[in-house]
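A quick write-up on the structure given underneath.
Numbering (UniProt numbering), first residue to last: 1 to 318.
Structure follows, in structure tokens:
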């Protein structure tokens, strides 16, 4: 696959232990997109992002020129729309791909509810509790058997999809986005956090799933590297020196929030506590995304689904 050189910098922020960071890193490799990587600490704060006025703390974050994209689902849609080739032989966001995207999200969060984090560093657990107070708590541990059964349900459904001998999720000869969406999360569940050693998740119970995950990993490793690692200051200089135009936006004037372009707002993922809110001036709002001006000639894009949008009420000095 030929490498795609871009007129604007493409910079990915994240850390290697993050499955969603690896999802986007793998997508950029599948697309052959030349990009830069800025490695981040596993826990907050993340000064490299704060230096860009990015208070949002979850990974990955992808910068394209002067547009900053949050959330791996939005990022994958943006990447595939901007770089349409290769298209993996399917309509990239047809019903089948969207179904696997939804399954991937359900699979990941079901696993997080079922995972045993008792041996994780206390600093990691405390950090995650700032977002989710019950993370790795006694209460959540008591629910692990139930959540493991739910996880098993999802993975055995994938085993059944592969039962007919297909190599890839959609049955073709080449991988598609469906394989990315399922492959990265199965790799994380089975091989990174070693769920493959537990009864019901071993190879003898899930032979097709294990073979698929191994095949996916071999495919990703076979791709030519398209990344260059740089530090936060170099990335900041690169981004701030970019003179490319912003991505096109569209504002829906009929939106029910009654928040207007030019209002100062805050956004935060709706599945966490209201901490590390991203503040900015509203540029556009529609069914797909929220766009903010965060200063430094940077715009932040967040998905509309799964994010809360709140107007900042400015206090009067009178």
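Ideal placement from N, C-alpha and C gives every residue a C-beta, glycine not left out.
Do you know whose CA, among the options, lies nearest residue i's CA?
i           : options            : result
residue 145 : 111, 31, 41        : 111
residue 199 : 165, 164, 151      : 151
residue 229 : 273, 7, 38         : 38
residue 11  : 91, 233, 18, 181   : 233
residue 157 : 250, 310, 83, 100  : 100
residue 249 : 216, 305, 283      : 283
residue 188 : 7, 19, 9, 8        : 19
residue 287 : 194, 257, 48, 273  : 257
residue 116 : 255, 194, 235, 281 : 194
residue 290 : 154, 311, 274, 275 : 311
residue 56  : 80, 81, 278        : 278
residue 182 : 276, 40, 217       : 217
residue 106 : 163, 47, 155       : 155
residue 238 : 30, 46, 29, 51     : 51
residue 247 : 179, 180, 79, 48   : 79
residue 170 : 210, 196, 94       : 94
residue 28  : 62, 294, 202       : 62
residue 140 : 114, 164, 168, 313 : 114
residue 240 : 53, 133, 33, 45    : 53
residue 86  : 33, 123, 104, 45   : 33
residue 159 : 104, 211, 133      : 211
Measure how close the beta-carbons of residue i and residue j come, nearest whole angstrom, since I'm counting them as under 8 Å.
i           : j           : result
residue 268 : residue 308 : 5 Å
residue 77  : residue 226 : That belief does not hold up - the Cβ atoms of residue 77 and residue 226 are roughly 20 Å apart, past 8 Å.
residue 24  : residue 75  : 5 Å
residue 59  : residue 13  : 7 Å
residue 9   : residue 224 : No, residue 9 and residue 224 are not in contact; Cβ-Cβ is about 20 Å, not under 8 Å.
residue 138 : residue 83  : About 46 Å; that fails the 8 Å criterion.
residue 261 : residue 280 : Going by Cβ atoms, the distance from residue 261 to residue 280 rounds to 12 Å, so no, they are not a contact pair.
residue 213 : residue 180 : 12 Å between Cβ atoms; not a contact.
Indicate whether residue i and residue j have their beta-carbon atoms separated by less than 8 Å.
i           : j           : result
residue 220 : residue 73  : no
residue 119 : residue 136 : no
residue 177 : residue 92  : yes
residue 108 : residue 161 : no
residue 88  : residue 175 : yes
residue 17  : residue 131 : no
residue 41  : residue 15  : yes
residue 305 : residue 252 : no
residue 274 : residue 48  : no
residue 208 : residue 202 : no
residue 167 : residue 215 : yes
With a threshold of 8 Å between beta carbons, is residue i in contact with chain B?
i           : result
residue 252 : Among the protein chains of the structure shown there is no chain B, as only one such chain exists.
Within the stretch 258 to 315, note down every full beta strand (DSSP E) run reaching 3 residues or more, in order along the chain. 264 to 269, 278 to 285, 289 to 293, 299 to 303, 307 to 311
Can you confirm whether the stretch 287 to 305 touches the stretch 60 to 74 when touching is taken to mean that 3 or more C-beta pairs between the two stretches lie within less than 8 Å? Yes: at least three Cβ pairs fall under 8 Å.
Enumerated in chain order, which unbroken segments of the alpha helix (DSSP H) with a length of 4 residues or greater are wholly contained in the UniProt domain "GST N-terminal" (8 to 87)? 19 to 31, 47 to 50, 72 to 82
Enumerate, from N- to C-terminal direction, the unbroken alpha helix (DSSP H) stretches of 4 or more residues contained entirely within the stretch 168 to 207. 177 to 186
Go through the stretch 112 to 144 residue by residue and report every complete run of the alpha helix (DSSP H) that reaches 4 residues or more, in order. Fully enclosed alpha helix (DSSP H) runs of 4 or longer: 122 to 129, 138 to 142.
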